[in-house]
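Asks: Heads up: the protein sequence lines correspond to chains A and B, in order.
Note that the first sequence covers residues 521 to 634 in the working numbering.
Note that the second sequence covers residues 5 to 118 in the working numbering.
Ideal Cβ positions, reconstructed from N, Cα and C, are used throughout, including at glycine.
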Amino acid sequence: SAVISQKPSRDICQRGTSLTIQCQVDSQVTMMFWYRQQPGQSLTLIATANQGSEATYESGFVIDKFPISRPNLTFSTLTVSNMSPEDSSIYLCSVPAGGADTQYFGPGTRLTVL
Amino acid sequence: EDQVTQSPEALRLQEGESSSLNCSYTVSGLRGLFWYRQDPGKGPEFLFTLYSAGEEKEKERLKATLTKKESFLHITAPKPEDSATYLCAVQVSAGGTSYGKLTFGQGTILTVHP
């Protein structure tokens, strides 16, 4: 299994500001995924972050709003830019293991935008 | 478009009352179907991955089964600690940037009363 940590665990931010969320994995992984879970909703993939290449964004998500860095095989950051109350969600990173037969999730970052 | 539908949305059981949760899916090519448990304020916890119709996997009081159109999560003699949201997700057998992506259902909120 993979042990994943995220920072911060929660934050309350003002409208118009940006927040960077960190994801640290205890082993080297090629692919990392960032998901969003809006209140009362299920998980939606934001983007796939591969080390050494640009992140790939899903429909409805753009790099200017959610820039991602992937400086090495154990770490990634997701920035939520120019936040609005609609960005209030739980943001989760995920990594595949066992040849993508399993995907493990971090504990999540609970973001509230006022 | 890949779709995953879970039912019921919420399920209340008495301790010891066995039941099943349903996950129906429509995908272009299924690589794997995943079941997760999510407790409030936490990231999803991996339970099972199923790959082909007829496959079954068990873990304690949980058994997951898979057909060509749906999956069931059977809960035998549940206990209050089984209370959680159960999520299913599909992974398609596409290469390139779609590889590893999970598409989630809305989840079933299970409450087990003592």
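#1: On the three-pair Cβ rule with 8 Å, is the stretch 594 to 601 of chain A touching the stretch 50 to 60 of chain B?
#2: What does the Cβ neighbour count give for Gln534 (chain A), buried or exposed, with the cut at 16 atoms within 10 Å?
#3: Could you name the residues of the same chain whose beta carbon sits closer than 8 Å to that of Ser538 (chain A), not counting the 5 residues immediately before and after it, in chain order?
#4: Quick one: does Thr594 (chain A) have its CB under 8 Å from some CB of chain B?
#5: Give me the DSSP bridge partner(s) of Gln10 (chain B).
#6: For chain B, check one thing: does any of its Cβ atoms lie closer than 8 Å to the Cβ of Leu563 (chain A)?
#7: Output yes if chain A places a C-beta closer than 8 Å to the C-beta of Lys46 (chain B); else output no.
#8: Could you tell me the alpha carbon to alpha carbon distance between Ser102 (chain B) and Phe553 (chain A), rounded to whole angstroms?
#9: Do the stretch 610 to 626 of chain A and the stretch 5 to 16 of chain B make contact, defined as three or more Cβ pairs closer than 8 Å?
#10: Determine the burial state of Leu634 (chain A): buried for a count of at least 16 other Cβ atoms within 10 Å of its Cβ, exposed for fewer.
#11: In terms of alpha-carbon separation, which member of B:Gln10, B:Glu5 and B:Thr115 lies closest to Ser28 (chain B)?
Replies: So, from the data block:
#1: Remark: fewer than three beta-carbon pairs, one from each stretch, lie closer than 8 Å, so the stretch 594 to 601 of chain A and the stretch 50 to 60 of chain B are not flagged as touching.
#2: Per the 10 Å Cβ criterion, exposed.
#3: If we look at Ser538 (chain A) and ignore the five residues flanking it on each side, its Cβ neighbours are Thr599, Val600, Ser601, Asn602 and Met603.
#4: No, Thr594 (chain A) lies away from the interface with chain B (no Cβ there is under 8 Å from its Cβ).
#5: The partner list for Gln10 (chain B) (beta bridge, DSSP) reads B:Cys27.
#6: Chain B, which has a Cβ nearer than 8 Å to the Cβ of Leu563 (chain A), makes this yes.
#7: The Cβ of Lys46 (chain B) sits closer than 8 Å to at least one Cβ of chain A.
#8: Unreliable positioning characterises Ser102 (chain B) in this predicted model, as indicated by a pLDDT of 49, which lies under 50. The coordinate reading is nonetheless provided below. Distance between the alpha carbons of Ser102 (chain B) and Phe553 (chain A) is about 11 Å.
#9: Touching, no.
#10: Counting of Cβ neighbours within 10 angstroms places Leu634 (chain A) among the exposed residues, the total staying below 16.
#11: Looking only at B:Gln10, B:Glu5 and B:Thr115, the smallest Cα-Cα distance to Ser28 (chain B) is reached by B:Gln10.
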